[in-house]
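Enquirer: Right, I'll just put the structure down here and ask away after.
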Amino acid sequence: MMKFIIFLALTVHVCAADLPANVELAARQLDGEVAKMDQAFILESFRRGSEAGIARAHAGLADCHSWGVGMPRNEEPVRRLREMAAKAGDAVGMLRLGEDLISGRGGPRDPQRGIELIRKASALGLKNADASLAIRSLIGEGLPVDRDTGLKRLHELADTDGNSIAAFFLGQFYRGEFGNQDGKNPELARKYLMLAAEKNHAKAMVILGDMTTEKGGANGKPEPRMTAADWYRKAVDRNSGEAMFKLGRMQQRDKQARREGEDWFQLLLAAARVGFGEATQYLGELHYHATGYTYRDLDWSKTAHFHEKYLSDGFGGGNSHISLHRLFEVYFEGGLGLNRDFRKCLEIAQPHLDYCSSACLYAGRVLLHPDSPMGTTREHYIRGYACLLKSATLEASTVDEEVLFVLRSRHGMSREEVARAEALVRGGFPNSEPPLLP
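Heads up: the sequence shown begins at 572 in the numbering used here, then just goes up one per residue.
Here it is as structure tokens:
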């Protein structure tokens, strides 16, 4: 027994002594300096290192949360961990926090402080911080535009130091991705993206895969789709959700793109787990159109989960209307494994009533419905009609005068009630501030 206790004590001591080395190795794996990426090791090393107060581990654990490394993506603790890392003097933490402050990701924007932090990281010798400053000079984000200086510095970092971040952005520059159509150069674009990919830059691998399927290809000719699949596989090994999604979609359509043991559906699920929003939304649509499927666990009733996840993760953007409309349809109509839920429909609609025609449409339909749990008073009908009036004024609305006429007639609305509804809309109703009812 005594021997076991001594052995255990020695083991704990060795593990504690190895912790800084493990954190350093995990950081090198995550940054691509070491080709092998052991996600479980990376997460555990950063988690234990953060608990022990190691500054680099705070920054690494934030990256694990932000990028879904070894865990589902979770943005909630990211900025707090990066603040801890920066406060403790970690250059990577300063860089990441600085970039977040410039973009407003995870909290309020503060571009001035963001640039100061990136400059501090640069002064500590972090080449990725140098690349970040050069990029911002090139495109004018957080710094005044100075294209010549930014481009010169990126070339120094890529050509002399082999910096993958600088090489990646040079590749993007020569693809014309920064509005610089006069500077497009396919050969240089491929050269620098290849350099970044050789340094295990996952996004560069994805773009090289995309380039093989673009009309004209990288060498003036379309390249085989299998070449794209191979690039996506390399990026999948670097935990790229975009690569998982693109490889999964390719394999869904083309059996020849599948290797033994690969499963396109599992790739899509993995892409959603690491926070690639397009995969999350696509899974919602995949489940929605799965009526009658008896394989791969596809289920119509699961569509709401993925669309709600897409919205709650804050992806939104130009495609939020797809998920919103699908959720309104699901909760308003019900059926096929899901019960009608008018209150849920209004809950989803409320934050989007300022701008979304579907949100206004379904809020109005709920308030006007004879089975609405909100009540069926004349006030409900007036406000429901006002929601539809607002919907008719918004882009992509399906509400026209014929629809409004039918609703006025069905609910026996008087001229005075219609005038009240019109006055409500002129006053800014409905909007994202509750309540819909007085």
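All residues carry an ideal CB built from backbone N, CA and C; glycine is no exception.
Anyone know if the C-beta pair for Leu857 and Leu838 falls short of 8 Å?
Expert: no
Enquirer: For Gly664 and Ile710, I'd like the C-alpha separation in whole angstroms.
Expert: 23 Å
Enquirer: Let me confirm a value: Val807 is counted as buried when at least 16 other C-beta atoms fall within 10 Å, else exposed. Which label applies?
Expert: buried
Enquirer: Who are the Cβ neighbours of Glu904 in its own chain at under 6 Å, not counting the five residues just before and after it?
Expert: Around Glu904: no qualifying Cβ.
Enquirer: Using 8 Å as the threshold, is the segment 930-939 in touch with the segment 947-957, meaning 3 or more CB pairs across them?
Expert: yes
Enquirer: Please confirm whether Pro1063 and Leu924 have their CB atoms less than 8 Å apart.
Expert: For residue 1063 there is no data in the structure shown, the boundaries of the chain being 572 and 1009.
Enquirer: Our contact map puts Arg707 next to Leu714 with C-beta atoms below 8 Å; I'd like the distance itself, whole angstroms only.
Expert: 4 Å
Enquirer: Tell me whether Ala662 sits in a helix, a strand or coil according to DSSP, three-state version.
Expert: helix
Enquirer: In chain order, what are the residue ranges of uninterrupted beta strand (DSSP E) at least 3 long that sit wholly in the segment 582-645?
Expert: Counting whole runs of 3 or more residues, the segment 582-645 contains no beta strand (DSSP E) stretch at all.
Enquirer: Below 8 Å on the Cβ atoms is my contact criterion, and I expect Arg844 with Gly639 to pass it. Report the Cβ-Cβ distance as a whole number of Å.
Expert: Indeed, because the Cβ distance is near 6 Å, the residues count as touching under 8 Å.
Enquirer: Alpha carbon to alpha carbon, how far is Phe749 from Arg981?
Expert: 54 Å
Enquirer: By the 10 Å Cβ neighbour count, where 16 or more other Cβ atoms means buried, how is Leu1007 classified, buried or exposed?
Expert: buried
Enquirer: How many angstroms separate the CA atom of Asn645 from the CA atom of Gly631?
Expert: 14 Å
Enquirer: By DSSP, does Phe578 sit in helix, in strand, or in coil?
Expert: Because the pLDDT at Phe578 is just 38, under 50, the model does not fix this residue reliably, and the value given afterwards should be weighed accordingly. In the structure shown, Phe578 sits in a helix (DSSP, three-state: H, G or I).
Enquirer: Give me the residue from Cys927, Gly885, Trp871 and Ile953 with the minimum Cα distance to Asn910.
Expert: Trp871
Enquirer: Output needed for Leu688: all residues of its chain with C-beta closer than 8 Å, excluding positions within five of it in sequence on either side, in chain order.
Expert: Its chain contains Ala657, Met665, Leu666, Leu668, Gly669 and Leu672 as the residues whose beta carbon lies nearer than 8 Å to that of Leu688, once the 5 sequence neighbours on both sides are disregarded; these appear in chain order.
Enquirer: Return the residue from the list Ala737, Val777 and Leu854 that minimises the CA-CA distance to Trp802.
Expert: Val777
Enquirer: For Arg724, count the other beta carbons within 10 Å of its own beta carbon; 16 or more makes it buried, fewer makes it exposed. Which is it?
Expert: buried
Enquirer: Which residues in the same chain have their Cβ closer than 6 Å to the Cβ of Ala659, if we skip the five residues on either side of it in sequence?
Expert: Ala626
Enquirer: Within the same chain, show all residues whose beta-carbon is closer than 6 Å to that of Leu882, passing over the 5 residues directly before and after it, in chain order.
Expert: Ser894
Enquirer: Less than 8 Å between the CB atoms is what I'm expecting for Tyr763 and Gly742, so what's the real figure, rounded?
Expert: 4 Å
Enquirer: What do you reckon, are the CB atoms on Ala705 and Ala692 nearer than 8 Å?
Expert: no
Enquirer: Could you give the first and the last residue of the continuous alpha helix (DSSP H) run that contains Gly742?
Expert: Residue range Ser735 to Tyr745 is occupied by the alpha helix (DSSP H) that includes Gly742.
Enquirer: Use the C-beta contact count for Asn734: other C-beta atoms within 10 angstroms, 16 or more gives buried, fewer gives exposed.
Expert: buried
Enquirer: Hey, Ala934 and Cys958 are a contact pair by Cβ (cut 8 Å); roughly how many whole angstroms apart?
Expert: 5 Å
Enquirer: How is Lys770 classed by DSSP in three states: helix, strand or coil?
Expert: coil
Enquirer: In angstroms, rounded to a whole number, what distance separates the CA positions of Lys574 and Ala606?
Expert: Reliability of the predicted coordinates at Lys574 is poor, the pLDDT of 45 falling under 50, and the value obtained from them is presented with this limitation in mind. Going from the Cα of Lys574 to the Cα of Ala606 covers about 39 Å.
Enquirer: Can you give me the Cβ contacts of Phe617 inside the same chain, cut-off strictly under 7 Å, excluding the 5 residues immediately before and after it?
Expert: Closer than 7 Å at Cβ, skipping near neighbours: Val594, Ala597, Ala628, Gly631, Leu632 and Cys635.
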